[in-house]
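Following: one structure in structure tokens, then a few remarks.
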Amino acid sequence: MASYQCDRCLKQFSSYYNVRRHKADHCAYAKIDDNASMDGGGSSYSDEQSVDSFPDEESVTETEEDENSENSGDDDEIKEEIDPWATMIDDAKATVRPEYDEFMKTLQMDGQEEKCEAKCEECEAKCEECEAKCEAKCENCEAKCEKCEAKCEAKCEKYEDA
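The opening residue of the sequence shown carries number 446 in the numbering used here; numbering runs sequentially from there.
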């Protein structure tokens, strides 16, 4: 695995961009100090002395490490830093997400309950109409049945008299 080393402090990094960023910090501090000593405390910069500029690729040295070499003291420096915000966000998602899902389900259920209640009210109104129609039909039927019974009784009385 290739590692990259800063020329100034000999610190090693796993990627070229990390060492460039690190070296830019060195250069920024060095240029501020150099300007202070040269100008007598002034802080004028030219385009070549920009704080945000990265060092040239030539000034960064690349070293190849053997897999069998023992650099136990440098292992901590070579490891890339873990972003604490990323782990905090992942932890928050893991704890909050189930609660959020349950909350969304309850919201959906609330909406469904309201829809069901509206449908039930419509059904009840229809059922009341049907009941009213059925009652009207039954009243008609009862009236017809009473007429039929009266006719039947009249016929039966005729047969009994005969």
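The beta-carbon is built from N, C-alpha and C at its ideal position, and this holds for glycine as well.
Task: Nearest-angstrom Cα separation, counted from A563 out to M554 - done: 14 Å
TODO: Using 10 angstroms around the beta-carbon of Y462, count the other beta-carbons present and answer buried if the total reaches 16, otherwise exposed.
DONE: exposed
Open item on the list: Rounded to whole angstroms, what is the Cα-Cα separation between D546 and D536?
Closed with: 16 Å
Task: Where F548 falls, given that 16 or more other Cβ within 10 Å makes a residue buried - done: Exposed.
Task: Cβ neighbour criterion (16 or more within 10 Å) applied to Y449 - done: buried
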